[in-house]
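Reading the sequence shown from the start, the letters are residues 147 to 324 in the working numbering. Where a beta carbon is used, it is the ideal one built from N, C-alpha and C, also for glycine. Just so it is clear, the structure is predicted and the values come from calculations on it, not from any experiment.
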Amino acid sequence: MKRRVLTTVRLFGRRVPLALVAWLALVWVTLWGDLSAGNVLGGVVTGLVVTWLLPLPVLDPGIRIHPVGLVRFLLWFGWDMVISTVRVVFWVAHPGRPPAQLVLVPLRTSSEAMTVIIMVALSTVPGSLVLEAYPRALMLHVLGRPGDVADAVRADVTRLESRVVAAFGTRRDRKELE
C-alpha cells in the first residue's frame with residue numbers, strides 16, 4: 147500500500163498548502179519573538195486564513211534540479227570564478243587599459259528559465275557582463291582577455307549552457323541541446 151504525504155488540506159472548499167501555512171506560522175512566531183503555544187497557534191490560524199483568502203496560482207518555474215548536474219555546475223562555476231578573478235586582478239595591477247570586447251553568443255536553448263540562469267552565471271563571474279538578451283542569443287561584454295576571443299567566449303558559454311541545462315533543465319531543454 148502506497149503511503150500518501152499530506153501536503154494540502156481542504157478548508158471551506160479551497161486547497162490550502164500546509165508547507166506555506168507552516169512557513170507563515172514560523173515567520174509569525176519569529177516576528178513576535180515568543181515561542182509559546184498560543185503564539186504558534188495564532189501563527190497557524192493566521193497562515194490558514196491568509197492562504198485561504200489569497201490563494202497562490204499554480205506556477206511551473208520551468209526548472210528541475212538534477213543533483214549530479216548541480217554539483218558539476220557548482221564545481222565548474224567555482225573554478226571559473228577563481229580563474230576570472232585572477233585574470234581581472236592581473237589587469238587591475240597591470241598598467242594600461244585591459245582589453246575589452248563585445249561578443250554576440252548564440253544559445254541553443256529556447257527556455258527563458260535556462261537563459262536567465264545562464265545570464266546570472268555570466269554576470270556574476272568577474273570580467274563578463276550580459277548587456278542584452280535576444281531570443282536565443284546574448285550580447286556579452288568581456289574584459290581582460292587579450293586577442294580575438296570571440297570564438298573562445300562562444301565555446302565557454304556553450305559549455306556553461308550545457309552545464310546549466312544538465313543541472314536545471316527539463317526533458318525538453320535537454321533534448322534541445324542534443
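Straight-line gap, residue i to residue j (C-alpha atoms, nearest Å)
i           : j           : result
residue 168 : residue 190 : 7 Å
residue 155 : residue 165 : 11 Å
residue 263 : residue 234 : 23 Å
residue 314 : residue 324 : 16 Å
residue 232 : residue 266 : 20 Å
residue 260 : residue 307 : 8 Å
residue 237 : residue 283 : 28 Å
residue 288 : residue 202 : 40 Å
residue 280 : residue 286 : 11 Å
residue 221 : residue 317 : 23 Å
residue 223 : residue 321 : 23 Å
residue 229 : residue 278 : 24 Å
residue 180 : residue 192 : 16 Å
residue 175 : residue 255 : 43 Å
residue 301 : residue 272 : 18 Å
residue 295 : residue 210 : 33 Å
Residue closest to residue i, alpha-carbon to alpha-carbon, out of the options
i           : options               : result
residue 194 : 184, 311, 170 and 204 : 170
residue 305 : 176, 153 and 268      : 268
residue 161 : 176, 186, 204 and 284 : 204
residue 276 : 302, 159, 248 and 301 : 248
residue 159 : 295, 192 and 199      : 199
residue 212 : 318, 312 and 322      : 312
residue 244 : 274, 163 and 179      : 274
residue 293 : 272, 300, 246 and 255 : 246
residue 299 : 242, 226, 239 and 255 : 226
Burial state of residue i (16 or more Cβ within 10 Å)
i           : result
residue 291 : buried
residue 153 : exposed
residue 219 : buried
residue 309 : buried
residue 270 : exposed
residue 319 : buried
residue 197 : buried
residue 253 : buried
residue 173 : exposed
residue 206 : exposed
residue 217 : exposed
Opposing strand residues paired with residue i [DSSP bridges]
i           : result
residue 285 : 250 and 278
residue 161 : 156
Nearest-angstrom beta carbon gap, residue j and residue i [assumed within contact, 8 Å]
i           : j           : result
residue 303 : residue 251 : 5 Å
residue 257 : residue 215 : Between residue 215 and residue 257 the Cβ distance is about 15 Å, and since that is not below 8 Å, they are no contact.
Residue i CB to nearest heavy atom of the ligand FMN below 7 Å
i           : result
residue 241 : Questions concerning the ligand FMN fall outside what the structure shown contains, since it holds no ligand whatsoever.
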